[in-house]
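Using my numbering, the first residue of the sequence shown is number 5, and each one after it goes up by one.
Ideal placement from N, C-alpha and C gives every residue a C-beta, glycine not left out.
Predicted model only: the values in this text are computed from it and were never measured.
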Amino acid sequence: MNDLREILREQRAKHRMSQEKCGAAIKVSGSLIAQIETGRIIPQDDTAQALDDLFGTEDEIQRATEAARDDARPPWLRPWTDHEQQATLLRTWEPNLIPGLLQTEAYTRLVCGGGRLSKRATENTVQVRRDRQAATIGRADEPPMLSAIIGETALRCGPGEVLKEQLRHLVEATHLSHVQLLVVPWAAGVHAGSQGAFVLATLPGRGRVGYVDDQLRGRLVTDPKDLDGLELSWEIATGLALPVHQSRDFIEKAIKDHD
5 MNDLREILRE
15 QRAKHRMSQE
25 KCGAAIKVSG
35 SLIAQIETGR
45 IIPQDDTAQA
55 LDDLFGTEDE
65 IQRATEAARD
75 DARPPWLRPW
85 TDHEQQATLL
95 RTWEPNLIPG
105 LLQTEAYTRL
115 VCGGGRLSKR
125 ATENTVQVRR
135 DRQAATIGRA
145 DEPPMLSAII
155 GETALRCGPG
165 EVLKEQLRHL
175 VEATHLSHVQ
185 LLVVPWAAGV
195 HAGSQGAFVL
205 ATLPGRGRVG
215 YVDDQLRGRL
225 VTDPKDLDGL
235 ELSWEIATGL
245 ALPVHQSRDF
255 IEKAIKDHD
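Here it is in structure tokens:
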């Protein structure tokens, strides 16, 4: 992140531009430029390109931005995100939380800001998650199919305003052609999926890889027997879930319940 910060500061000084003037020139706020220079955020691709165009630095800022993204990802997460971006199908099961690829920034801060992570670490997690969303279901060119199953607990836990915004975001996502969202109600009881969250990625050529998260870090799952076990848990959760339209109605009712 240091290179990106230093490049931006040096170019602003060279062109005698304040943060406000720099931001105005590329149609963003001066506070956004300040956040990039302090390392709080990493610019989006279009912002990095606009800065290169503004300063005539070819692709220097874009390359520094990409390097900053790589540095921001924890080493243990990088192998998974590489698979995640290559996947043609992502199947995620979350019994207690909203899946990361469908989280709003406020919800991510809520999950990360419960005391375990510092403010800087929380903002770094928000940035990494935003980048992962943009590189998968948010990309314009052939995004992967995302099939997500969530437990009812995920719809009920959290401060009302944050959760309502998050649930509205889920409803919007259900209208995307490459997103399918199902809900497992409490009435389903305890089942194999209750043991924890996981993601299954189907890769080009029908290869498979899984990802299991815990309190400290996640890990890749590549052993065929373990993958078969996750597949079985997925099938069980799918069988207990409400159909697509009923799941959407269920989420909309949950929004009203938080009023």
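Quick check on Asp56: buried or exposed, where buried means 16 or more other Cβ atoms within 10 Å of its Cβ? For the purposes of this step, residue 56 is taken as the residue at position 52 of the sequence shown. With 16 or more other Cβ atoms within 10 Å, it is buried.
Boundaries (first-last residue) of the alpha helix (DSSP H) holding Gln184: Mapped onto the sequence shown, residue 184 falls at position 180. Unbroken run through Gln184 is the beta strand (DSSP E), 183 to 188; no alpha helix (DSSP H).
If you draw a straight line from the C-alpha of Ser198 to the C-alpha of Ala71, how long is it? Position 194 of the sequence shown, counting from 1, holds the residue named residue 198. Position 67 of the sequence shown, counting from 1, holds the residue named residue 71. Approximately 38 Å between the Cα atoms of the pair.
Under 8 Å between the Cβ atoms of Val248 and Leu234? Walking along the sequence shown from the start, residue 248 turns up at place 244. Walking along the sequence shown from the start, residue 234 turns up at place 230. Against a cut-off of 8 Å, the Cβ pair of Leu234 and Val248 comes out as no contact.
With DSSP as the reference, label Met5 as helix, strand or coil. As a working mapping, residue 5 is identified with position 1 in the sequence shown. Annotation note: pLDDT 48 at Met5 (below 50); position unreliable, no value reported.
Residue(s) in a DSSP beta bridge with Trp84: Position 80 of the sequence shown, counting from 1, holds the residue named residue 84. Answer by DSSP bridge pairing: none, since Trp84 is not bridged.
When you compare only the Cα positions, how much space is there between Tyr111 and Lys229? Numbered from 1 along the sequence shown, position 107 holds the residue referred to as residue 111. Numbered from 1 along the sequence shown, position 225 holds the residue referred to as residue 229. Straight-line Cα distance between these residues: approximately 34 Å.
Which residues mark the beginning and the end of the alpha helix (DSSP H) in which Ser237 is found? Along the sequence shown, one-based indexing puts residue 237 at 233. 228 to 244 is the extent of the alpha helix (DSSP H) around Ser237.
Between the C-alpha atoms of Ile30 and Ile11, what's the straight-line distance to the nearest angstrom? The count along the sequence shown starts at 1 and reaches residue 30 at position 26. The count along the sequence shown starts at 1 and reaches residue 11 at position 7. Going by the C-alpha atoms only, they are around 16 Å apart.
Nearest to Gly200 by alpha carbon, out of Lys18, Leu231, Asp135, Asp218? Looking up residue 200 in the sequence shown gives position 196. Nearest of Lys18, Leu231, Asp135, Asp218 to Gly200, Cα basis: Asp218.
Expressed to the nearest angstrom, what Euclidean distance is found between the alpha-carbon atoms of Gly162 and Glu88? As a first step, residue 162 is located in the sequence shown; it is residue number 158 there, counting from the start. As a first step, residue 88 is located in the sequence shown; it is residue number 84 there, counting from the start. Approximately 28 Å between the Cα atoms of the pair.
Check whether Thr129 and Leu121 have beta carbons under 8 Å apart: In the sequence shown, residue 129 corresponds to position 125, counting from 1. In the sequence shown, residue 121 corresponds to position 117, counting from 1. Yes.
Report the three-state DSSP secondary structure of Ala177 (helix, strand or coil). Counted from its first residue, the sequence shown places residue 177 at position 173. Helix, per DSSP.
Between which two residues does the beta strand (DSSP E) carrying Ser151 extend? Mapped onto the sequence shown, residue 151 falls at position 147. Note, Ser151: beta strand (DSSP E), 149 to 155.
With distances taken Cα to Cα, identify the nearest neighbour of Thr178 among Thr157, Gly193, Met149. Here residue 178 corresponds to residue number 174 of the sequence shown, with the count starting at 1. Taking only the C-alpha atoms, the option nearest Thr178 is Met149.
Name, in chain order, the residues that DSSP records as bridge partners for Arg212. Here residue 212 is taken as the residue at index 208 of the sequence shown, counted from 1. Thr206, per the DSSP bridge assignment.
Starting from Arg95, follow its DSSP beta bridges and name the residues at the other end. Position 91 of the sequence shown holds residue 95. According to DSSP, which records beta bridges pairwise, Arg95 is partnered with Ser151, Leu204.
Buried or exposed: where does Leu236 fall if 16 or more other Cβ atoms within 10 Å of its Cβ makes it buried? Locating residue 236 in the sequence shown gives position 232, where the first residue counts as 1. Its Cβ having fewer than 16 others within 10 Å, Leu236 is exposed.
Using DSSP's beta-bridge definition, name the partner residues of Val225. Indexing the sequence shown from 1 puts residue 225 at position 221. Beta-bridge pairing links Val225 to Gly214.
Collapsed DSSP secondary structure at Glu62 in the structure displayed: Your numbering for residue 62 matches position 58 in the sequence shown. Coil, per DSSP.
Close beta carbons around Lys260, own chain, < 6 Å, minus the five adjacent residues each side: Counting from 1 along the sequence shown, the entry for residue 260 is found at position 256. Same-chain partners within the cutoff: there are none.
Where Arg124 sits in the DSSP three-state scheme: On the sequence shown, position 120 is the one that residue 124 refers to. Correct three-state label for Arg124: helix.
So what does DSSP say about Ala144, is it helix, strand or coil? Stepping through the sequence shown from its first residue, residue 144 is reached at position 140. Reduced to three states, the DSSP call for Ala144 is coil.
Is the separation between the beta-carbon of Leu167 and that of Thr69 shorter than 8 Å? Counting from 1 along the sequence shown, the entry for residue 167 is found at position 163. Counting from 1 along the sequence shown, the entry for residue 69 is found at position 65. Cβ atoms of Leu167 and Thr69: not closer than 8 Å.
Where the alpha helix (DSSP H) containing Cys116 begins and where it ends: As a first step, residue 116 is located in the sequence shown; it is residue number 112 there, counting from the start. For Cys116, the uninterrupted alpha helix (DSSP H) run begins and ends at 109 to 116, by DSSP.
So Cys26 is in the alpha helix (DSSP H); what residue range does that whole segment cover? Locating residue 26 in the sequence shown gives position 22, counting from the first residue. That run of the alpha helix (DSSP H) goes 23 to 29.
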